[in-house]
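Presented below is the structure to which this report refers.
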């Protein structure tokens, strides 16, 4: 349960590899799943620009964005600082309640075991993810925590929104990183 | 990913029901599993004293305690503020690395889906828990995230250390809470 680096400043002058993808500016008038996932995609670009595995998350409630975060594991040095976890904390602060009933999490990659569990514990209404993760994903990928009957909450899941774009971002990040990194690359969030 | 309430002060004058169990002071000379779990038990008592579900966690590394925390979901209003999550953040701060290789988590109840996943993501060597949780536990209880081959890390698990004492604490807390609480009791961490 980390304190996120709220300044969002990168300490390095520039990332190991530049992110070649630009941010997007969707119309505010159509607030559908693609709209919110596009904002999560922009967060993933922010992660890359800070040398983090490019995963972004946004939480929607009543048509508004109440949380937006990207992966910060390396910059804050905390294994719990995934995009989803930071967004869940932001959302509970915004709503003044740890129970996020009625809220939807948009995330660019299927949540890992920790974040899948956190989505359940937070009592989200819905999780929408872009890229399935057959290796680590626990909302239908390698396991389905949402399908366990005795867990006292269940989520509505939507898969594949903006999948190609978010996959391209992740794949190129790891491809570039394997070429340029002088140290071992953490592959736990790669989707190969 | 919450910021823990570091002051540890309770805003209420006294808990809804007093914790009838005293803390314990084991010898520092024998640093076995019972020693570290006893410290986790004391953390669980601290949780009760602050009207939180009594779950406590301690992380050991090289024979020393590098993290000690209790559940703070209600007091900080954050679904990610479980004892284990706060302890993982403390431990990564202590070691200066998000990879907690060689460290052992002691926790008074089998970790929930989120915390089981976090133990894997943090690359702990070992998790020792007191009370199995057949309803929510994901390290052998209702599911076994540690048994998924494609997840890139695996834990050594020890179950049942100080089980009776930690179970008694949880059971009495929920029994008393159901009698006295004017609002709905969150049962997601009960073990009935």
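Chains as they are written, first to last, in the working numbering: chain A, 1 to 192; chain B, 1001 to 1192.
Cβ atoms here follow ideal geometry from the backbone N, Cα and C, with glycine treated the same way.
With a 10 Å radius around the Cβ and a threshold of 16 neighbouring Cβ atoms, residue 133 of chain A comes out buried.
In this structure residue 1158 of chain B does not touch residue 1018 of chain B by the C-beta definition: roughly 32 Å separates them, more than the 8 Å allowed. Collapsing the DSSP output to three states places residue 1064 of chain B in a strand. Put simply, the segment 1070-1079 of chain B does not touch the segment 1146-1160 of chain B. Fewer than three CB pairs are less than 8 Å apart. When DSSP reads this structure, residue 144 of chain A sits in a beta bridge with A:139. Under the 8 Å criterion on CB atoms, residue 1164 of chain B is classed as non-interfacial with respect to chain A. Taken through DSSP and simplified to helix, strand or coil, residue 1023 of chain B comes out as coil. For the 8 Å CB-CB criterion, residue 1172 of chain B and residue 1151 of chain B do not form a contact. Within the segment 61-80 of chain A, those residues whose Cβ lies closer than 7 Å to any Cβ of chain B are, in chain order, 73, 77, 78, 79 and 80. Secondary structure at residue 180 of chain A: helix, using DSSP grouped into helix, strand and coil. Beyond the five residues adjoining it in sequence on each side, residue 1042 of chain B comes within less than 8 Å, by CB distance, of 1023, 1024 and 1056 in the same chain, given in chain order. Nearest in C-alpha terms to residue 1059 of chain B, of all of B:1154, B:1142 and B:1088, is B:1088. Boundaries of the beta strand (DSSP E) around residue 157 of chain A: 156-159. At a cut-off of 4 residues, the continuous stretches assigned as alpha helix (DSSP H) that sit fully inside the segment 51-115 of chain A are 73-76 and 83-95. With the rule of 3 Cβ pairs closer than 8 Å, the segment 1096-1107 of chain B counts as touching the segment 1115-1131 of chain B. Taking CB atoms only, residue 143 of chain A has a neighbour in chain B less than 8 Å away. Taken atom to atom, the span from the alpha-carbon of residue 164 of chain A to that of residue 109 of chain A is near 11 Å. For residue 1015 of chain B, the closest Cβ of chain A is not nearer than 8 Å.
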